[in-house]
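Engineer:
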Amino acid sequence: MIKKKVILIGILSVFAVFGCKKSQDSKKETITINFWDNEEKITAPYLDSIIASFEKNNPGVKVIRTYYSVDDIHRQFQNASIAGSPPDVILTTSDNTGLFVSNGLIMPLNGQFDFSQYMDNAVDAAIQDGKTWGVPNSYGNQLMLYYNTDYVKKPPRTTKDLLKLCDGIIKKKTKNNSSINMTCLEIDQSEPFWLIPFLTSYGGWPIDGHVPNLNTDTMIKTLEFIKTLKKKDYMSQECDYDCMDLKFKEGSTSMIINGDWILGAYIDSMKSKMKISVLPVNAETGIRMRPMISGKYFFISS
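Just so you know, we're using our numbering here: the sequence shown kicks off at 340 and counts up by one.
1. SER420 to PHE393, Cα distance in whole Å?
2. Between ALA461 and GLY634, which are expected to be in contact by the criterion C-beta below 8 Å, what is the C-beta distance as a whole number of angstroms?
3. Please check the pair ILE509 and PHE537, which I expect to be a contact at CB under 8 Å, by giving their CB distance rounded to whole angstroms.
4. Using three-state DSSP, classify TRP533 as helix, strand or coil.
5. Would you report the Cα separation of ASP459 and THR471, rounded to the nearest angstrom?
6. Return helix, strand or coil for ARG629, following the three-state DSSP convention.
7. Mapping DSSP to helix, strand and coil, what is ASN397?
8. Which same chain residues end up closer than 6 Å to PHE439 when comparing Cβ atoms and leaving out the 5 residues on each side of it in sequence?
9. Leaving out the 5 sequence neighbours to the left and right, which residues in its chain are closer than 7 Å to GLY479 when beta-carbon positions are compared?
10. Curious, which full-length alpha helix (DSSP H) runs of at least 4 residues does the stretch 477-528 contain?
11. Please classify SER433: is it buried, with 16 or more other beta-carbons within 10 angstroms of its beta-carbon, or exposed?
12. Measuring only the C-alpha atoms, how far is TRP615 from PHE637?
13. Near GLY443, which residues of its chain fall below 7 Å by C-beta distance, leaving aside the five closest residues on each side in sequence?
14. With DSSP as the reference, please indicate the residues paired to TRP375 in a beta bridge.
15. If you reduce the DSSP assignment to three classes, tell me which class VAL353 lands in.
16. Hey, out of PRO447, ASP572, ILE526, whose CA is closest to LEU715's CA?
17. Which residue comes first and which comes last in the beta strand (DSSP E) that contains GLY598?
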(Lines of atoms letter the chains of each structure in order from A and count residues from 1; the text may use other names and numbers.)
(Lines give C-alpha, C1' and ligand atoms only; values in the text may rest on other atoms or scores of the structure.)
Protein backbone atom coordinates (compact mmCIF):
# COMPACT_ATOMS: atom_id res chain seq x y z
CA MET A 1 0.00 0.00 0.00
CA ILE A 2 2.85 2.41 0.84
CA LYS A 3 4.53 1.74 -2.51
CA LYS A 4 1.23 2.35 -4.31
CA LYS A 5 0.78 5.70 -2.56
CA VAL A 6 4.31 6.76 -3.47
CA ILE A 7 3.78 5.81 -7.11
CA LEU A 8 0.50 7.73 -7.09
CA ILE A 9 2.06 10.89 -5.62
CA GLY A 10 5.02 10.78 -8.00
CA ILE A 11 3.27 10.04 -11.26
CA LEU A 12 0.36 12.43 -10.73
CA SER A 13 2.69 15.29 -9.76
CA VAL A 14 4.99 14.71 -12.75
CA PHE A 15 2.14 14.41 -15.25
CA ALA A 16 0.34 17.41 -13.78
CA VAL A 17 3.41 19.66 -13.94
CA PHE A 18 4.35 18.48 -17.40
CA GLY A 19 0.78 18.77 -18.65
CA CYS A 20 0.53 22.35 -17.39
CA LYS A 21 3.79 23.30 -19.12
CA LYS A 22 2.68 21.86 -22.45
CA SER A 23 -0.81 23.36 -22.19
CA GLN A 24 0.67 26.85 -22.15
CA ASP A 25 1.66 26.32 -25.78
CA SER A 26 -1.35 24.28 -26.91
CA LYS A 27 -4.44 25.19 -24.90
CA LYS A 28 -6.92 23.83 -27.47
CA GLU A 29 -4.94 20.84 -28.68
CA THR A 30 -4.83 17.36 -27.18
CA ILE A 31 -1.77 17.11 -24.99
CA THR A 32 0.18 13.88 -25.47
CA ILE A 33 2.68 12.83 -22.82
CA ASN A 34 5.01 10.03 -23.91
CA PHE A 35 5.96 8.05 -20.82
CA TRP A 36 8.58 5.27 -20.63
CA ASP A 37 9.12 2.91 -17.69
CA ASN A 38 10.71 -0.39 -16.73
CA GLU A 39 8.25 -1.43 -14.02
CA GLU A 40 7.88 -5.16 -13.44
CA LYS A 41 4.66 -6.86 -14.53
CA ILE A 42 3.31 -7.09 -10.98
CA THR A 43 3.23 -3.26 -10.75
CA ALA A 44 2.21 -2.47 -14.33
CA PRO A 45 -1.59 -2.89 -13.90
CA TYR A 46 -1.60 -0.40 -11.02
CA LEU A 47 0.48 2.02 -13.07
CA ASP A 48 -2.02 1.74 -15.92
CA SER A 49 -4.91 2.43 -13.52
CA ILE A 50 -3.22 5.63 -12.30
CA ILE A 51 -2.74 6.78 -15.89
CA ALA A 52 -6.37 6.01 -16.73
CA SER A 53 -7.56 7.95 -13.67
CA PHE A 54 -5.32 10.90 -14.56
CA GLU A 55 -6.65 11.01 -18.12
CA LYS A 56 -10.23 10.85 -16.86
CA ASN A 57 -9.67 13.81 -14.54
CA ASN A 58 -7.75 15.76 -17.19
CA PRO A 59 -9.73 15.71 -20.45
CA GLY A 60 -7.59 16.50 -23.45
CA VAL A 61 -4.47 14.88 -21.97
CA LYS A 62 -3.33 11.52 -23.34
CA VAL A 63 -0.52 9.50 -21.73
CA ILE A 64 1.16 6.96 -23.99
CA ARG A 65 3.04 4.43 -21.87
CA THR A 66 5.89 2.34 -23.31
CA TYR A 67 7.69 -0.44 -21.41
CA TYR A 68 11.39 -1.26 -21.80
CA SER A 69 13.48 -3.77 -19.90
CA VAL A 70 15.94 -2.57 -17.26
CA ASP A 71 18.85 -3.26 -19.62
CA ASP A 72 17.28 -1.46 -22.60
CA ILE A 73 15.59 1.65 -21.21
CA HIS A 74 18.70 3.77 -20.60
CA ARG A 75 20.21 2.99 -24.00
CA GLN A 76 16.89 3.60 -25.76
CA PHE A 77 16.43 6.90 -23.93
CA GLN A 78 19.90 8.12 -24.96
CA ASN A 79 19.39 7.05 -28.57
CA ALA A 80 15.96 8.68 -28.78
CA SER A 81 17.29 11.88 -27.22
CA ILE A 82 20.16 12.08 -29.70
CA ALA A 83 17.66 11.48 -32.52
CA GLY A 84 15.47 14.32 -31.22
CA SER A 85 12.48 12.17 -30.29
CA PRO A 86 12.80 11.29 -26.59
CA PRO A 87 9.87 10.49 -24.30
CA ASP A 88 8.59 13.40 -22.21
CA VAL A 89 8.88 11.47 -18.94
CA ILE A 90 10.95 8.41 -18.04
CA LEU A 91 10.64 6.31 -14.88
CA THR A 92 13.85 4.40 -14.19
CA THR A 93 16.64 3.83 -11.69
CA SER A 94 18.98 6.59 -10.58
CA ASP A 95 22.06 4.76 -11.86
CA ASN A 96 22.50 6.92 -14.95
CA THR A 97 21.54 10.30 -13.49
CA GLY A 98 25.10 11.57 -13.93
CA LEU A 99 25.23 10.44 -17.56
CA PHE A 100 21.82 11.97 -18.30
CA VAL A 101 22.89 15.28 -16.73
CA SER A 102 26.32 15.48 -18.40
CA ASN A 103 24.76 14.81 -21.81
CA GLY A 104 21.98 17.36 -21.25
CA LEU A 105 19.20 14.79 -21.63
CA ILE A 106 17.07 15.76 -18.60
CA MET A 107 15.95 19.02 -16.99
CA PRO A 108 16.47 20.15 -13.35
CA LEU A 109 13.31 20.08 -11.26
CA ASN A 110 14.07 22.53 -8.46
CA GLY A 111 11.01 24.67 -7.75
CA GLN A 112 8.72 22.32 -9.69
CA PHE A 113 8.04 19.85 -6.88
CA ASP A 114 7.80 19.78 -3.09
CA PHE A 115 10.77 17.54 -2.34
CA SER A 116 10.29 17.96 1.42
CA GLN A 117 7.66 15.19 1.32
CA TYR A 118 10.35 12.63 0.43
CA MET A 119 13.13 11.05 2.48
CA ASP A 120 16.31 13.12 2.27
CA ASN A 121 18.38 10.10 1.22
CA ALA A 122 15.98 9.33 -1.61
CA VAL A 123 16.21 12.89 -2.96
CA ASP A 124 20.00 12.99 -2.53
CA ALA A 125 20.44 10.17 -5.05
CA ALA A 126 19.09 12.45 -7.81
CA ILE A 127 21.06 15.58 -6.84
CA GLN A 128 24.03 16.70 -8.89
CA ASP A 129 25.77 20.07 -9.11
CA GLY A 130 23.37 21.40 -6.48
CA LYS A 131 20.28 20.65 -8.57
CA THR A 132 17.61 17.96 -8.20
CA TRP A 133 17.02 16.05 -11.42
CA GLY A 134 14.54 13.33 -10.47
CA VAL A 135 11.33 12.82 -8.47
CA PRO A 136 11.62 9.76 -6.18
CA ASN A 137 9.19 6.95 -6.87
CA SER A 138 10.82 4.30 -4.69
CA TYR A 139 13.83 3.91 -2.45
CA GLY A 140 15.23 0.42 -2.28
CA ASN A 141 16.88 -1.94 -4.79
CA GLN A 142 18.59 -3.42 -1.76
CA LEU A 143 20.26 -6.81 -1.92
CA MET A 144 18.96 -9.61 0.30
CA LEU A 145 19.81 -13.24 1.00
CA TYR A 146 17.53 -15.65 -0.87
CA TYR A 147 17.69 -19.29 0.24
CA ASN A 148 16.22 -22.60 -0.86
CA THR A 149 14.53 -24.40 2.05
CA ASP A 150 15.43 -27.77 0.52
CA TYR A 151 19.01 -27.05 1.61
CA VAL A 152 18.80 -24.30 4.21
CA LYS A 153 16.45 -24.57 7.17
CA LYS A 154 17.86 -21.61 9.07
CA PRO A 155 19.64 -18.73 7.30
CA PRO A 156 23.17 -17.89 8.46
CA ARG A 157 23.28 -15.11 11.05
CA THR A 158 27.02 -14.49 10.61
CA THR A 159 29.70 -15.21 8.02
CA LYS A 160 30.98 -17.92 10.37
CA ASP A 161 27.55 -19.56 10.19
CA LEU A 162 27.66 -19.14 6.41
CA LEU A 163 30.97 -20.99 6.06
CA LYS A 164 29.80 -23.79 8.34
CA LEU A 165 26.54 -24.16 6.44
CA CYS A 166 28.31 -24.18 3.07
CA ASP A 167 30.80 -26.78 4.28
CA GLY A 168 27.95 -29.14 5.13
CA ILE A 169 26.16 -28.56 1.82
CA ILE A 170 29.28 -29.20 -0.30
CA LYS A 171 30.31 -32.27 1.71
CA LYS A 172 26.81 -33.71 1.23
CA LYS A 173 27.00 -33.03 -2.50
CA THR A 174 30.38 -34.76 -2.77
CA LYS A 175 29.11 -37.77 -0.84
CA ASN A 176 25.93 -38.17 -2.86
CA ASN A 177 26.99 -37.21 -6.38
CA SER A 178 30.15 -35.23 -7.02
CA SER A 179 29.15 -34.70 -10.67
CA ILE A 180 26.30 -32.36 -9.68
CA ASN A 181 27.26 -28.72 -10.34
CA MET A 182 26.10 -27.73 -6.86
CA THR A 183 27.31 -24.62 -5.04
CA CYS A 184 26.36 -23.01 -1.74
CA LEU A 185 26.21 -19.27 -2.50
CA GLU A 186 26.20 -17.29 -5.73
CA ILE A 187 26.45 -13.58 -6.51
CA ASP A 188 26.70 -11.66 -9.77
CA GLN A 189 30.49 -11.60 -10.12
CA SER A 190 30.34 -9.38 -13.22
CA GLU A 191 28.82 -6.41 -11.36
CA PRO A 192 30.62 -4.54 -8.48
CA PHE A 193 27.21 -3.79 -6.94
CA TRP A 194 27.30 -7.32 -5.46
CA LEU A 195 30.76 -6.79 -3.93
CA ILE A 196 29.63 -3.82 -1.85
CA PRO A 197 27.91 -5.77 1.00
CA PHE A 198 31.10 -7.75 1.61
CA LEU A 199 33.17 -4.55 1.51
CA THR A 200 30.92 -2.67 3.93
CA SER A 201 31.05 -5.58 6.39
CA TYR A 202 34.78 -4.91 6.69
CA GLY A 203 34.11 -1.20 7.20
CA GLY A 204 35.03 -0.18 3.66
CA TRP A 205 33.43 2.00 0.96
CA PRO A 206 34.48 2.30 -2.72
CA ILE A 207 34.48 6.10 -2.88
CA ASP A 208 36.03 8.80 -0.72
CA GLY A 209 34.12 11.95 -1.64
CA HIS A 210 34.33 11.85 -5.44
CA VAL A 211 37.57 9.85 -5.60
CA PRO A 212 37.74 6.04 -6.04
CA ASN A 213 38.93 4.39 -2.84
CA LEU A 214 39.89 0.85 -3.87
CA ASN A 215 43.49 0.21 -2.82
CA THR A 216 42.64 -0.39 0.84
CA ASP A 217 43.04 -3.06 3.52
CA THR A 218 39.25 -3.47 3.64
CA MET A 219 39.15 -4.23 -0.10
CA ILE A 220 41.95 -6.79 0.30
CA LYS A 221 40.06 -8.53 3.11
CA THR A 222 36.88 -8.49 1.02
CA LEU A 223 38.56 -10.12 -1.97
CA GLU A 224 40.28 -12.65 0.27
CA PHE A 225 36.89 -13.69 1.67
CA ILE A 226 35.45 -14.12 -1.85
CA LYS A 227 38.59 -16.10 -2.78
CA THR A 228 37.98 -18.41 0.20
CA LEU A 229 34.42 -19.10 -0.98
CA LYS A 230 35.73 -20.04 -4.42
CA LYS A 231 38.69 -22.08 -3.16
CA LYS A 232 36.36 -24.25 -1.08
CA ASP A 233 33.95 -24.60 -4.04
CA TYR A 234 31.23 -22.85 -2.07
CA MET A 235 30.92 -20.41 -4.98
CA SER A 236 31.42 -20.78 -8.74
CA GLN A 237 34.70 -19.54 -10.18
CA GLU A 238 32.68 -17.39 -12.57
CA CYS A 239 28.98 -16.54 -12.53
CA ASP A 240 27.09 -13.51 -13.81
CA TYR A 241 23.49 -12.46 -13.09
CA ASP A 242 21.85 -14.92 -15.49
CA CYS A 243 24.02 -17.75 -14.20
CA MET A 244 23.20 -16.95 -10.56
CA ASP A 245 19.49 -16.61 -11.30
CA LEU A 246 19.30 -19.89 -13.24
CA LYS A 247 21.25 -21.87 -10.64
CA PHE A 248 18.90 -20.73 -7.89
CA LYS A 249 15.75 -21.49 -9.87
CA GLU A 250 16.95 -24.96 -10.90
CA GLY A 251 18.17 -25.80 -7.39
CA SER A 252 21.90 -26.08 -8.12
CA THR A 253 22.81 -23.48 -5.49
CA SER A 254 21.34 -23.18 -2.03
CA MET A 255 21.57 -19.39 -1.62
CA ILE A 256 22.03 -16.27 -3.71
CA ILE A 257 22.32 -12.59 -2.97
CA ASN A 258 19.88 -10.71 -5.16
CA GLY A 259 17.72 -7.60 -5.16
CA ASP A 260 14.17 -6.87 -4.08
CA TRP A 261 13.16 -6.39 -7.73
CA ILE A 262 13.18 -10.16 -8.37
CA LEU A 263 11.10 -11.19 -5.36
CA GLY A 264 7.83 -11.54 -7.31
CA ALA A 265 9.43 -13.75 -9.96
CA TYR A 266 10.88 -16.12 -7.36
CA ILE A 267 7.55 -16.36 -5.55
CA ASP A 268 5.96 -17.43 -8.85
CA SER A 269 8.67 -19.91 -9.85
CA MET A 270 9.75 -21.42 -6.52
CA LYS A 271 6.66 -21.03 -4.33
CA SER A 272 7.30 -21.99 -0.70
CA LYS A 273 10.79 -23.37 -1.41
CA MET A 274 12.15 -19.80 -1.46
CA LYS A 275 12.63 -17.62 1.59
CA ILE A 276 14.55 -14.40 2.20
CA SER A 277 16.69 -13.06 5.02
CA VAL A 278 18.80 -10.05 5.87
CA LEU A 279 22.44 -10.30 4.90
CA PRO A 280 24.68 -11.85 7.58
CA VAL A 281 26.96 -10.09 10.05
CA ASN A 282 30.72 -10.29 9.42
CA ALA A 283 31.96 -12.52 12.29
CA GLU A 284 35.39 -10.87 12.13
CA THR A 285 34.22 -7.26 12.49
CA GLY A 286 30.72 -7.52 13.96
CA ILE A 287 29.42 -5.34 11.10
CA ARG A 288 26.39 -6.46 9.09
CA MET A 289 26.71 -6.55 5.33
CA ARG A 290 25.11 -3.36 3.96
CA PRO A 291 24.25 -3.03 0.27
CA MET A 292 24.09 0.15 -1.75
CA ILE A 293 20.58 1.59 -1.88
CA SER A 294 19.04 3.32 -4.86
CA GLY A 295 15.58 3.76 -6.30
CA LYS A 296 13.45 4.63 -9.28
CA TYR A 297 12.84 8.24 -10.29
CA PHE A 298 10.73 10.24 -12.71
CA PHE A 299 12.99 12.22 -15.04
CA ILE A 300 11.71 14.84 -17.50
CA SER A 301 13.43 15.16 -20.85
CA SER A 302 15.17 18.43 -21.54
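C-beta: ideal position from N, C-alpha, C; glycine also.
Structural biologist: The short version:
1. CA-to-CA, the gap between SER420 and PHE393 works out to about 26 Å.
2. So it is a contact: roughly 6 Å between Cβ atoms.
3. Separation of the CB atoms of ILE509 and PHE537 is rounded to 20 Å, and the pair is thereby denied contact status at 8 Å.
4. Correct three-state label for TRP533: helix.
5. Those two C-alpha atoms are separated by around 12 Å.
6. Coil.
7. Look at ASN397 here: in three-state DSSP terms it is coil, with no helix or strand label.
8. Only ILE445 meet the Cβ criterion.
9. The beta carbon of GLY479 lies closer than 7 Å to those of ASP599, ILE632, GLY634 in the same chain, with the five residues before and after it left out.
10. Correct list: 498-516.
11. Burial of SER433 is indicated by the presence of at least 16 other C-beta atoms within 10 angstroms of its C-beta.
12. Note on identity: in this sequence residue 615 is Ile, with Trp being the wrong assignment. Rounded to whole angstroms, ILE615 and PHE637 show a C-alpha spacing of 29 Å.
13. SER641.
14. THR405, ILE429.
15. In the structure shown, VAL353 sits in a helix (DSSP, three-state: H, G or I).
16. With the chain running from 340 to 641 in the structure shown, residue 715 is simply not present.
17. Secondary structure note for GLY598: its beta strand (DSSP E) is the uninterrupted segment 592-598.
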